[in-house]
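Number of protein chains: 2
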Amino acid sequence: MAWEIKNDRPVYIQLVEELELRILNGTYTTGTKLLSVRDLAGEAQVNPNTMQKALGELEKKGLISSRRTSGNYITEDEGLINDLRTELAESEVEAFCEKVKKLGITKEETIELINKEDF
Amino acid sequence: MAWEIKNDRPVYIQLVEELELRILNGTYTTGTKLLSVRDLAGEAQVNPNTMQKALGELEKKGLISSRRTSGNYITEDEGLINDLRTELAESEVEAFCEKVKKLGITKEETIELINKEDF
DNA sequence: ATAACTGTATTATTGATATAATACAATAAT
DNA sequence: ATTATTGTATTATATCAATAATACAGTTAT
Numbered sequence: 000m001a002w003e004i005k006n007d008r009p010v011y012i013q014l015v016e017e018l019e020l021r022i023l024n025g026t027y028t029t030g031t032k033l034l035s036v037r038d039l040a041g042e043a044q045v046n047p048n049t050m051q052k053a054l055g056e057l058e059k060k061g062l063i064s065s066r067r068t069s070g071n072y073i074t075e076d077e078g079l080i081n082d083l084r085t086e087l088a089e090s091e092v093e094a095f096c097e098k099v100k101k102l103g104i105t106k107e108e109t110i111e112l113i114n115k116e117d118f
Numbered sequence: 000m001a002w003e004i005k006n007d008r009p010v011y012i013q014l015v016e017e018l019e020l021r022i023l024n025g026t027y028t029t030g031t032k033l034l035s036v037r038d039l040a041g042e043a044q045v046n047p048n049t050m051q052k053a054l055g056e057l058e059k060k061g062l063i064s065s066r067r068t069s070g071n072y073i074t075e076d077e078g079l080i081n082d083l084r085t086e087l088a089e090s091e092v093e094a095f096c097e098k099v100k101k102l103g104i105t106k107e108e109t110i111e112l113i114n115k116e117d118f
């Protein structure tokens, strides 16, 4: 699976975002066990400490729970997942609209531009 | 004028983005003299060195030109400004679409969400 | 002429991030 | 029972970003 880590922002933040995305869009299934910290770090080609930091953030959000000597598990709280997914979508839309608005692009132009993209 | 600098990304990058936005959307007029480095830094409540770094980036892009002992001036190349404005708008749209797509949101849902926003 | 203001450069210090190299205790696998 | 694997913690080092405090030479304003 693709781990596209750039160096324009803190690596651990990008890891949190990617992991969260995979949980919210179902790439990682509810209740499933994640790869180990070391294996995930290997996949993403980052230091295990950095991946550990990212996983810590995810646990704070309640998206994973760690069982000390067994592994990290995706939450089974699908309500939480759906809520966060909706929340994230809305905040993306809001941020995007604010940006193009500031650029002086109208709503109609914006929708035209989006229609040109392929989903 | 509002300088909303957060600490989630390098300050000088955010300054570049804000200054570029103001040039592209016409807040800063073509050919006009900018405030001095120190005054801009004061407005944005950042260190003058940081503002200076941002202005250096803008000069690389050709959006401003500095006259050593007089000040920094907005480019008069309106073609460049329009090009960059279009370019920026398109890349914003593309990045946004990629994000919502990854979240599993359809194009129709996306356009609905945008229609709810007020431009 | 003098003073104030310009962009620009330099040096030092601090904090955040990332990596590296280990270490440990508890569990799972053999 | 032994070994390997788990999350987790610690210490050290390097780099980047940001701020601070100056300094300088060349206009511009008075």
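Residue numbers (numbering that gives the first Met the number 0), protein chains in the order written: chain H, 0 to 118; chain W, 0 to 118. C-beta atoms are modelled at their ideal positions from N, C-alpha and C, and glycine is treated no differently. Since the model is a prediction, treat every value here as computed from it, not as a measurement.
Secondary structure note for residue 65(W): its beta strand (DSSP E) is the uninterrupted segment 63-66. Taken in chain order, the complete beta strand (DSSP E) segments of 3 residues or longer contained in the region 44-117 of chain H are 63-66, 70-73. For residue 19(W), the enclosing alpha helix (DSSP H) stretches over residues 10-23.
Under DSSP, residue 32(W) forms a beta bridge with 72(W).
Residue 114(W) and residue 108(W) have their C-alpha atoms roughly 10 Å apart.
Chain-order list of chain H residues neighbouring residue 99(W): 88, 91, 92, 95, 118, by C-beta distance under 9 Å. When the five nearest sequence neighbours on each side are left out, the beta carbons in the same chain lying within less than 7 Å of the beta carbon of residue 22(W) are those of 62, 73, 80, in order along the chain.
Nearest neighbour of residue 87(W) by Cα position, chosen from 9(W), 17(W), 11(W), 10(W), turns out to be 17(W). Counting the other CB atoms within 10 Å of its CB gives residue 19(H) a total of 16 or more, which places it among the buried residues.
Residue contact with chain H for residue 5(W): absent (no Cβ-Cβ distance below 8 Å to any residue of chain H).
Judged by beta-carbon spacing, residue 15(H) lies beyond the 8 Å limit of residue 83(H), meaning their Cβ atoms are not closer than that value. The residue among 93(W), 111(W), 54(W) with its C-alpha nearest the C-alpha of residue 39(W) is 54(W).
Annotation: residue 110(H) to residue 101(W) spans about 19 Å, alpha carbon to alpha carbon. Residue 22(H) has a beta carbon lying at 8 Å or more from every beta carbon in chain W.
Taken through DSSP and simplified to helix, strand or coil, residue 7(H) comes out as coil. Within a 10 Å sphere around the beta-carbon of residue 13(H) sit 16 or more other beta-carbons, which makes this residue buried. The C-beta separation of residue 91(H) from residue 95(W) comes to about 7 Å, placing the pair in contact by the 8 Å criterion.
The beta-carbon distance between residue 10(H) and residue 36(H), rounded to whole angstroms, is 14 Å. This is too long to meet the 8 Å contact definition. Short of 7 Å from the beta carbon of residue 30(W), and not among the five residues preceding or following it, lie these beta carbons of its own chain, in chain order: 72, 73, 75.
Selection 118(H), 116(H), 103(H) evaluated against residue 26(W) yields 103(H) as nearest (Cα-Cα). Between the alpha carbons of residue 51(W) and residue 8(H) lies a distance of about 21 Å. Beta-carbon to beta-carbon, residue 116(W) and residue 93(H) are separated by about 7 Å, close enough to satisfy the 8 Å threshold.
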